[in-house]
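The structure appears right after this line, and notes come after that.
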Amino acid sequence: MNYVIEAASLTKKYKNFKALDDLNLHVPVGSIYGLIGKNGAGKTTLIGLICGLQKVDTGEYYIYGIKNTDKEILNVRSRIGAIVETPAIYENLSARDNIVEELTLLGVPTFDDVDDLLKLVGLSDVGAKKAGKFSLGMRQRLGIAIALAGNPDILILDEPINGLDPEGIIDIRELILKLNKEKNITILISSHYLDELSKIATHYGFVDKGKMKREISKDELINKMKHKIILKVNDAKKFIPYLDAQNITYEIENNKTINIFSNIKIPKLISDLAKNNLEVIDVLEASETLENYFLNLIGGDDNA
Ligand code: ATP
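Sequential numbering from 2 applies to the sequence shown in the working numbering.
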């Protein structure tokens, strides 16, 4: 597997507090990698280190295989576009002039790409309006356009949908998918909006208290999320001998509810039960949510 960003045993302390504690990270090429963690888990600190905004205490990270202590890291880091915390926007400039300013800072000799960038992020029609007057969603999209100005292969977005309304969230989601699919940009995105991330992420890293608790691909995660059939019955106890005899994995939630975890087709299950005079009143299907998976991973209520 090729990783565009890797980290091994990264530790970052603020005085005696470990904001990152022996953290590992593997961002596959072409992925949309969702970095999930509660407030204070260490996501922004991790992103800050990779973007060179802060210094590593111990451990290391690699961008395209180049180690953070190698002097080449500055060159390879220019392949990253990032928004860390809030987009770096000049409030008194238009969207166009903000991008021109960024291109100038980056030493890009032409401004030919500005129209394409404005179109890409859906800001073609905002004209001379100053960025200070933009909605939060427009600011976020302008921030992404600025981050894209250097034509990066990797885009890092720290909490890009914080505070956005539903329409703004959809815009950012579609933009991220477009950048990933059409421009082949690998995207590292931190968020605590699990449901939203699950609509776009191809890989997840679950961070808690400065540690990487688990890295997992979307497909692996789907397989791991428990699927269950919920049977509503009159007397659950009566079902036990049959379920045991059939080697079905189940739990009796209460005398009216049985959860079946085995992979069985519902019509067959109901008809087999009926043949054994076991009457089912209602059947439901449920999958564990990403939220539950995350809470189980980081240890439940005291962490919630
Ligand atoms: P959020 O979702 O709230 O942004 P986060 O996962 O990005 O959270 P970080 O901002 O990386 O978390 O913070 C991790 C921990 O490090 C927090 O407990 C935070 O208070 C602490 N921390 C971050 N920056 C500093 C700093 N400059 N000085 C002291 N402590 C800090």
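Positions of the beta carbon are idealized from the N, C-alpha and C atoms, including for glycine. Since the model is a prediction, treat every value here as computed from it, not as a measurement.
Check	Outcome
Own chain residues within Cβ distance below 8 Å of R142, not counting five before or after	V122, G123, L124, D172, I173, L176
Helix, strand or coil at A89 according to DSSP, with G and I counted as helix	coil
Beta-carbon contacts of G169 that lie in its chain and below 6 Å, excluding the five residues immediately before and after	G138
Backbone secondary structure at N152 - three-state DSSP	coil
Cutoff 7 Å; reference L298; Cβ partners in own chain excluding five residues on either side	F207, K214, R215
Cβ pair N260, I231 closer than 9 Å	yes
Delimiting residues of the beta strand (DSSP E) encompassing L296	Unbroken run through L296 is the alpha helix (DSSP H), 291-298; no beta strand (DSSP E).
Reduced DSSP category for A305 - H, G, I as helix; E, B as strand; rest coil	Residue placement at A305 cannot be trusted, given a pLDDT of 34 that sits under 50; what the coordinates show is reported in the next sentence. A305: coil per DSSP, three-state reduction.
Outcome for Y15 when other beta-carbon atoms lying within 10 angstroms are tallied against a minimum of 16	exposed
Through-space distance from K184 to F306, alpha-carbon basis	With the chain running from 2 to 305 in the structure shown, residue 306 is simply not present.
I48 classed as buried or exposed, judged by whether at least 16 other C-beta atoms fall within 10 angstroms	buried
S192 beta carbon less than 9 Å from that of G35	yes
Strand pairing of M213, partner residues [DSSP]	V208
Identity of the residues DSSP links to S95 by a beta bridge	K131
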